[in-house]
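Single-structure report; data block below.
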Amino acid sequence: MTHALPHAAAPVVGTVVVPGSKSETNRALVLAALADRPSVVAGALVSRDSELMIGALRRLGADVEWDGDLLRVAPPARFSGALGIDCGLAGTVMRFVPPVTLLAAGPSSFVGDPHASERPMDGLLEGLRQIGATVTGDALPFRVTPPSRFRAEATIDSSGSSQFVSGLLLVAPRLPHGLTIRHEGDTLPSLPHIQMTVEMLRARGVVIDQPDETTWVVAPGPISAIDLTIEPDLTNASVFLAAAAATGGEVTVPAWPTHSLQPGLAFLDVIAAMGAEVALTDGRAAVRGTGRLTGIDVDLHAASELTPVVAALGAIADGETVIRGVAHIRGHETDRLAALTAELRRAGITATETSDGLRIEGGTPVAARLNTYADHRMVHFAALLGLRTPGISVDDMDCVSKTMPRFPVDWADLVA
């Protein structure tokens, strides 16, 4: 079903309250289910990805219940195995929950959306095998039978997704002998996401040594329960802040963290380099457009989720925008490099897919019906083009439910 996107007849001005971070929410839920006592998660993201995580943990025996705006999580005495755990298209579910089943009383199996079978899983499943599990399958759907004897080392290639390392880290302290994780392969993507996992574990009393940037040594021991308030999702915030830069307006996001391990924090530096004015005051981030955007040459390896928004800004900027270091996003919800190249061209923008990114010649987009490939970030990309060009539409708006169900309403309110 075609969904028309709003065109901004004037500079966009407003304040947008952004929901909680998906990355932090789903890590917090897994850690709460693995912890030594019940705990509370405040400000958790309400979305398909988080509901899939809640459903998966419940299937394994955790008690996860909403209490108003709070999530109360009680870990089970022992996890139970479960068949047909639905991962949807959520990378955090398909990569964080299977390691938890190492502790289960019986086998578990995992399924997902049709495209989920194309998402990389090999590094994680190889890690589970090295620890001692029996794994049937190399991608969704697959089955995990817990080990009879646990080994304490796993050497994997995590160049396809940093979530392979994070998934093993989350369960590592609960394994009988702890776990040493080593990465061997091409450069690790999204290192800030791994560091987020490490710091969230350390905050719960877990001892982790890192002798080098590709090795993690996790000591066995309890995961101390803590109550936590989730930060706003800074990657989701980027599309709203970008609206200010695209239209010469001003957008503010409150509750902006002064310190954050979210890779989306890097967006403020990117958008400033493209010519927007950025201000951080009293826990609020504000972006003011100057009426002109300049193309940028940027390595987004550590913050690859920003690629669709930066690509949209590059499409309307002066000169060329080059995005590097994001070859791994070919394995995201869709092949984002191929998708962005195709849809930029569909909108009349010259774009070339490179070995690890994109080259985009800034210009004036033309009206077009753009494909989203069931990818929420492709909606954000199209929405930004629609601000500058009347007649931009998408084939599927519902896919934003993955991380931000209110996006269509919040976007329309901002642009109105």
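All residue numbers for the sequence shown refer to the UniProt record's numbering, where the first residue is 1 and numbers rise by one.
Heads up, the beta-carbon is just placed ideally off N, CA and C, and yes, glycines get one too.
Helix or strand or just coil, what does DSSP make of Ala-10? Looking up residue 10 in the sequence shown gives position 10. Of the three classes helix, strand and coil, the one that applies to Ala-10 here is coil, per DSSP.
Around the C-beta of Thr-364, are 16 or more other C-beta atoms found within 10 angstroms, so that it is buried, or is it exposed?
Taking the first residue of the sequence shown as position 1, residue 364 is located at position 364. It is exposed - the Cβ of Thr-364 has fewer than 16 other Cβ atoms within 10 Å.
**Message:** Whether or not the region 51-68 and the region 278-289 are in contact is what I'm after, with contact meaning three or more pairs of Cβ atoms, one per stretch, closer than 8 Å; do they touch?
**Reply:** no
Exercise. In chain order, which beta strand (DSSP E) runs of at least 3 residues are fully inside the region 327-376?
Worked result: Within the region 327-376, the complete beta strand (DSSP E) runs of at least 3 residues are 350-353, 358-361, 368-370.
Between the Cα of Pro-308 and the Cα atoms of Ala-116, His-376, Thr-389, which residue gives the shortest distance? In the sequence shown, residue 308 corresponds to position 308, counting from 1. Closest by alpha carbon: His-376.
Closer than 7 Å by C-beta to Ser-220: which residues in its own chain qualify, once you throw out the five before and the five after it? Chain order, please. The count along the sequence shown starts at 1 and reaches residue 220 at position 220. One detail in the question is off: residue 220 reads as Pro in this sequence, not Ser. Counting only Cβ-Cβ distances below 7 Å, and skipping sequence neighbours, we find Pro-173, Leu-175, Pro-176, His-177, Gly-178.
Contact the region 282-291 vs the region 36-56: 3+ CB pairs below 8 Å: no
Would you mind giving the Cβ-Cβ distance between Ala-245 and Leu-387, rounded to the nearest angstrom? I have them listed as a contact below 8 Å. Here the question's residue 245 lines up with position 245 in the sequence shown. Here the question's residue 387 lines up with position 387 in the sequence shown. At roughly 10 Å, the Cβ-Cβ gap does not stay under 8 Å, so Ala-245 and Leu-387 are not in contact.
Which word fits Pro-390, buried or exposed, when buried means at least 16 other C-beta atoms lie within 10 angstroms of its C-beta?
Locating residue 390 in the sequence shown gives position 390, where the first residue counts as 1. With fewer than 16 other beta carbons inside 10 angstroms of its own, Pro-390 counts as exposed.
Query raised in the report: Tell me which same chain residues have a C-beta within less than 8 Å of the C-beta of Leu-414, skipping the five on either side of it?
Result: Locating residue 414 in the sequence shown gives position 414, counting from the first residue. Cβ neighbours of Leu-414 beyond the five flanking positions: Val-12, Gly-14, Val-16, Phe-240, Ala-243, Val-251.
| I think Ser-159 touches Thr-187, with their Cβ atoms under 8 Å apart; what is that distance to the nearest whole Å? | In the sequence shown, counting from the first residue as 1, residue 159 sits at position 159. In the sequence shown, counting from the first residue as 1, residue 187 sits at position 187. About 7 Å separates the two Cβ atoms, so the contact holds.
Subject >> Neighbourhood of Arg-292 by C-beta, 7 Å cutoff - its chain only, sequence neighbours within 5 removed >> reply: Walking along the sequence shown from the start, residue 292 turns up at place 292. For Arg-292, where only same-chain residues beyond five positions count, the Cβ hits under 7 Å are Gly-275, Asp-318.
Among the residues of its own chain, which have a CB less than 8 Å from the CB of Glu-199, if the five just before and after it don't count? Here the question's residue 199 lines up with position 199 in the sequence shown. For Glu-199, where only same-chain residues beyond five positions count, the Cβ hits under 8 Å are Leu-261.
Which residue or residues does DSSP assign as beta-bridge partners of Ser-393?
Here residue 393 refers to the residue found at position 393 when the sequence shown is read from its first residue. According to DSSP, which records beta bridges pairwise, Ser-393 is partnered with Ala-4, Arg-369.
- prompt: Taking buried to mean at least 16 other C-beta atoms within 10 Å of its own C-beta, is Trp-66 buried or exposed?
  reply: The sequence position of residue 66 within the sequence shown is 66, counting from 1. When all chains shown are included, Trp-66 counts as exposed.
Notebook entry, point to check: Would you call the region 359-374 and the region 318-330 in contact, with 3 or more CB pairs under 8 Å?
Noted result: yes
- prompt: Start and end of the beta strand (DSSP E) containing Thr-214?
  reply: Mapped onto the sequence shown, residue 214 falls at position 214. That residue, Thr-214, is in no beta strand (DSSP E); it is neither H nor E in DSSP.
Item to check | Beta-carbon proximity check, Ala-416 vs Tyr-373, cutoff 8 Å | outcome: Within the sequence shown, residue 416 is the residue found at index 416, counting from 1. Within the sequence shown, residue 373 is the residue found at index 373, counting from 1. Ala-416 places its beta carbon 8 Å or farther from that of Tyr-373.
Next on the checklist: Among the candidates Gly-205, Val-165, Glu-231, whose CA atom is the shortest distance from the CA of Thr-214?
Outcome noted: Along the sequence shown, one-based indexing puts residue 214 at 214. Nearest option by C-alpha distance: Val-165.
| said: Would Leu-102 and Ile-223 be called neighbours here (beta carbons separated by less than 8 Å)? | reply: As a first step, residue 102 is located in the sequence shown; it is residue number 102 there, counting from the start. As a first step, residue 223 is located in the sequence shown; it is residue number 223 there, counting from the start. The answer is no: Cβ separation not under 8 Å.
Q. I think Thr-229 touches Ala-368, with their Cβ atoms under 8 Å apart; what is that distance to the nearest whole Å?
A. If you number the sequence shown from 1, residue 229 lands on position 229. If you number the sequence shown from 1, residue 368 lands on position 368. About 41 Å separates the beta carbon of Thr-229 from that of Ala-368, a gap too long to meet the 8 Å contact definition.
Worksheet item: Beta-carbon separation of Met-94 and Leu-60 under 8 Å?
Response: Here residue 94 is taken as the residue at index 94 of the sequence shown, counted from 1. Here residue 60 is taken as the residue at index 60 of the sequence shown, counted from 1. No, the pair does not count as a contact, with Cβ atoms beyond the cut-off.
> Quick one: Cα of Gly-289 to Cα of Val-298, how far?
Replying inline: Walking along the sequence shown from the start, residue 289 turns up at place 289. Walking along the sequence shown from the start, residue 298 turns up at place 298. Looking at the two C-alpha atoms, the distance is approximately 20 Å.
Subject >> Backbone CA spacing between residue 471 and Val-97 [nearest angstrom] >> reply: Limits of the chain in this structure are 1 at one end and 416 at the other, which puts residue 471 out of reach.
Leu-70 by DSSP, collapsed to three states: which one? The count along the sequence shown starts at 1 and reaches residue 70 at position 70. Correct three-state label for Leu-70: strand.
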